[in-house]
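Only one structure is covered here, and it is reproduced in the block below.
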Amino acid sequence: MDFGMLLSSYAEVFTSLQVLLMTFIGALGGILLGAIPGMTATMGVALLVPFSFGMDLIPAIGLLLGIYCGGMYGGSISAILIHAPGTPSAAATVLDGYPMTKKGEAGRALSVAMFSSFCGGIIGALIMTFLSPLIADMAMNFGPGEMFMLAFFGLSVIISISGKSITKGLMSAFLGMFMCCVGLDPTNGIPRFMTVKQTGLLDGFQFIPALIGMFAVAEVIAGVERILTGKEHTASSNEKITSVLPDLKTIGMIWPNILSGSIIGTFIGAIPGAGGDIAVFVSYGASKSASRHPELYGTGIPQGVAATESANNGCSGGAMIPLLSLGVPGDAVTAVLLGAFIMKGIQPGPMMYVSELHTVYKVFAALMLANLCMLIVGCLGVRFFAKIVSVEKTMLYPIILVISLLGAFSINKSVFDIGVCVAFGVFGWLMNKYEFPLSPILLTLILGPMC
Amino acid sequence: MTKKTQSLAFANLVASVLFIALGIWGIFQMLNLQTVKDTYAQPNVFPIAMIVGMLIFSVILFIQSILKLSKMDVKDPNVEQAESINFIKDKGVQGALIVIALCIAFVLLFRPLGYVLDAAIIGFVIMALIGKRNWVVMVIVSILIPFVMWLLFFKLLSVNIPMGPLTFLKDLIARI
């Protein structure tokens, strides 16, 4: 490991105004979206990824990592205040977070969540910094056969992200691979599933309009449906937030939970497909069984919140390990990050540690910065975010839709791409309605061409 | 639930038939594809392999659904019910279809109307559709958000977005 280059990369990232600004905006957007129940970090990345196209790689990655880390923490706000986890990975925070609110300790719960998220993120980033070069070094000996197996291993993640039915997950995955075949055959230049006149499809379905369609437009269509059938409820919170950071006594109580949660989160996050939603429950269970008073878990204690939130954000560093060292995304958000790297002409994987070491170190620094921005934005805006949980969806959905459609256009300045985005939106809505998972399609759209 | 056709198993059955139909269409398309001389990697090899994979799992889902339906007791409260897609009776599905129609209209009118006007109309109509009734807020939000987004893309990201009748705004902003 070249510590000199690592330090200079950190200095470059932390002194670049553009990177600082973009990461800050990303963290703000991520927390805002994460705090609204039903809006996930994947959706946040899908919405904001078009903004990153005109930028250099590192500000773009800073923006996306900011959303990722912010979204992970943001989910805990609604989980604590209104008993509705903003993101799936905040589901376990409800167990102790909401009882704390009922006891009148909402401010304390939010401060513990923020502090634990920050520590989890930092520990995850540190483990990533020192572990991923070792894995990449091992992967340097891989030949074409091993690389194919690696891409295939990435695709096998589908089994773990298939939801209730593996059959449906595999159907989605093969459909995604089938969609990858649309366009010109890369070896012989023969058009497949299109005519030569359909120039918009020459390169196949563009990944970003498809992503925006499946994760943002589909959610808007489903949201409108829920509102009209009375299934969408907006809960509100009138809790008074008195503190933004936990006091020293509380930190003394929660630090073992933070440490164990961060390590568990990072290692579970590093397993492709096993994301924050699994890590938080494993960490909560481990913290409960190690405690002298396991009976207190679930009654509203800060240790429970610390265990889940540190694991949640530790995952962000963990998920980056297979992405950077092997080129295999750890979850849906890192799959989008992989797409962002490829669009900037950089192929993540072991060779990146040889040809683009400076860029790798800057990505490490960007993740550290994203966690720092999350803490600053969280401290400054926690009182405001407590209000955002009850934002009116009647306003939110139209706003998301018009931003999504513009994002789809902005990539290639093509109206055809907006059509692709709408088509994938309708497709995603129907697939969600009948419980066909969308994540395998997302994964195959990225990894398919690699195979 | 009163009928087996309202169950998730029936929805899965329909979905598997649709997937099988798509797969058969895909195979026919690929069998008629132009071949290339002196190469093993024909352009139809990979798509056919993927379609066959999709067909195998579609057939598995088809068989699973048939077995579930044959054993199903509609009065059993544990039977999973599928979400409705009946656009005649279901208000939610009607709303979803209106949003889809608005999105298609947005695509068709994108060039002639430009982004800001097009997005303002679609945003306003959706807000009205889902029950927002504060007209002043609706007008302000539906115009302001697309305008701010356009400004952001135009000034900060240098993305040229069609503005239709409002093209003069580009010159105006460029002068500021």
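From first to last, the protein sequence lines are chains A and B.
So for the first sequence, our numbering puts the first residue at 165; every next one is plus one.
So for the second sequence, our numbering puts the first residue at 2; every next one is plus one.
Don't be surprised by glycine CBs; every beta carbon is placed ideally from N, CA and C.
Please read all numbers here as calculations on a predicted model, not as lab measurements.
Mind checking which residues open and close the alpha helix (DSSP H) that includes residue i?
i, result
"A/T206", "A205 to L212"
"B/N79", "No alpha helix (DSSP H) contains B/N79, which DSSP labels as neither H nor E."
"A/P562", "K557 to N576"
"A/V579", "V579 to K597"
"A/P466", "P466 to L490"
"B/S17", "L9 to L32"
"B/V75", "Neither: B/V75 is in no alpha helix (DSSP H) and is coded neither H nor E."
"A/A504", "A496 to M507"
"A/S173", "F167 to T179"
"B/M1", "For chain B, the structure presents residues 2 to 177; residue 1 of chain B sits outside this window and is missing."
"A/A254", "First-last for A/A254: undefined, no H or E at that position."
Apply the 10 Å Cβ neighbour rule to residue i and answer buried if 16 or more other Cβ atoms are within range, or exposed otherwise.
i, result
"B/D172", "exposed"
"A/K597", "buried"
"B/Y41", "exposed"
"A/N305", "exposed"
"A/P265", "According to the sequence provided, residue 265 of chain A is Thr. The question's Pro does not apply to it. Flag for A/T265 reads buried."
"A/Q467", "buried"
"A/A175", "exposed"
"B/W26", "exposed"
"B/R134", "exposed"
"B/N45", "buried"
"A/S453", "exposed"
"A/Q362", "exposed"
"B/L109", "exposed"
"B/A175", "exposed"
"A/D260", "buried"
"A/G238", "buried"
"B/I123", "buried"
"B/I131", "buried"
Comparing the CB of residue i with every heavy atom of the ligand HEM, is any distance shorter than 7 Å?
i, result
"A/E556", "This structure simply doesn't include the ligand HEM, nor any ligand for that matter."
Please go through the same chain and pick out, in chain order, the residues whose beta-carbon is closer than 6 Å to the beta-carbon of residue i, but skip the five residues on each side of it.
i, result
"A/L170", "Y525"
"B/P48", "M31"
"B/D91", "S85"
"A/S296", "I485, L488 and S489"
"A/C233", "G285, S480, A534, N535 and M538"
"B/L14", "S66"
"A/T206", "F379, A496 and V497"
Identify the contact partners of residue i in chain B, using a Cβ-Cβ distance below 8 Å as the criterion.
i, result
"A/Y448", "Going along chain B, no residue has its Cβ under 8 Å from A/Y448, so there is no contact; the nearest lies around 28 Å."
"A/Y598", "L9, A12, N13, A16, A83 and E84"
"A/G194", "In chain order: nothing, as chain B lies at least about 18 Å away."
"A/L565", "V100, C104, I123, G124 and I127"
"A/F573", "F111, Y116 and I162"
"A/E389", "G93, V94, G96 and A97"
Run down chain A in chain order and give the residues with a C-beta less than 8 Å from the C-beta of residue i.
i, result
"B/Y41", "Simply none; closest approach about 10 Å."
"B/K92", "L392 and T393"
"B/V137", "Chain A residues near B/V137: none, gap ~13 Å exceeds 8 Å."
Once you ignore the five residues that flank residue i on each side, which residues in its own chain have a CB closer than 7 Å to its CB?
i, result
"A/K267", "G464"
"A/K214", "Contrary to the premise, residue 214 of chain A reads as Pro rather than Lys in this sequence. Within the same chain, A/P214 has close Cβ partners I372, G571, S574 and I575."
"B/F20", "M55 and S59"
"B/A10", "S66, K69, L70 and M73"
"A/A382", "G589, G592, W593 and N596"
If the cut is a Cβ gap below 9 Å, which residues of chain A does residue i touch?
i, result
"B/F148", "The premise fails here: B/F148 is roughly 11 Å from chain A at the closest Cβ pair, so nothing lies under 9 Å."
What residues of chain A sit near residue i, judged by a beta carbon separation below 7 Å?
i, result
"B/L34", "I354 and R356"
"B/F47", "C345"
"B/I89", "Result: empty, since nearest Cβ-Cβ is about 15 Å, beyond 7 Å."
Name, please, each residue of chain B whose Cβ falls closer than 7 Å to the Cβ of residue i.
i, result
"A/I385", "A97, V100 and I101"
"A/M335", "F20, M55, F58, S59 and L62"
"A/T331", "F58, I61, L62 and Q65"
What does residue i reach in chain B if we use C-beta pairs closer than 9 Å?
i, result
"A/I582", "C104, F107, V108 and F111"
What does a CB cutoff of less than 8 Å around residue i pick up in its chain, not counting 5 residues either side in sequence?
i, result
"A/A483", "G433, A434, G439, P493, G494, D495, V497 and T498"
"A/V388", "Y561"
field: Chain-ordered residues of the stretch 156 to 176 of chain B with a beta carbon less than 9 Å from chain A
entry: L157, L158, S159, V160, N161, I162 and P163
task: Would you list, in chain order, the members of the stretch 99 to 121 of chain B that have their beta-carbon closer than 7 Å to a beta-carbon of chain A?
output: V100, I101, C104, I105, F107, V108, F111, R112, Y116 and A120
field: Where the stretch 213 to 234 of chain A meets chain B: residues whose CB sits under 7 Å from a CB there
entry: F215 and G218
query: What are the residues of the stretch 3 to 18 of chain B that lie near chain D, defined by any Cβ-Cβ distance shorter than 9 Å?
result: In summary, chain D is missing from the structure at hand, where the protein chains are A and B.
message: Short of 7 Å Cβ to Cβ, which residues in the stretch 339 to 369 of chain A face chain B?
response: Of all residues in the stretch 339 to 369 of chain A, those with a C-beta nearer than 7 Å to a C-beta of chain B are L339, M341, F342, C345, D349, T351, N352, I354, R356 and F357, reading in chain order.
query: For the stretch 53 to 65 of chain B, which residues have a beta carbon sitting closer than 7 Å to at least one beta carbon of chain A?
result: G54, M55, F58, S59, I61, L62 and Q65
- request: For the stretch 63 to 86 of chain B, enumerate the residues whose C-beta is nearer than 8 Å to any C-beta of chain A, in chain order.
  value: Q65, A83, E84 and I86
field: Positions along the stretch 476 to 509 of chain A whose CB lies within less than 8 Å of some CB in chain B
entry: none
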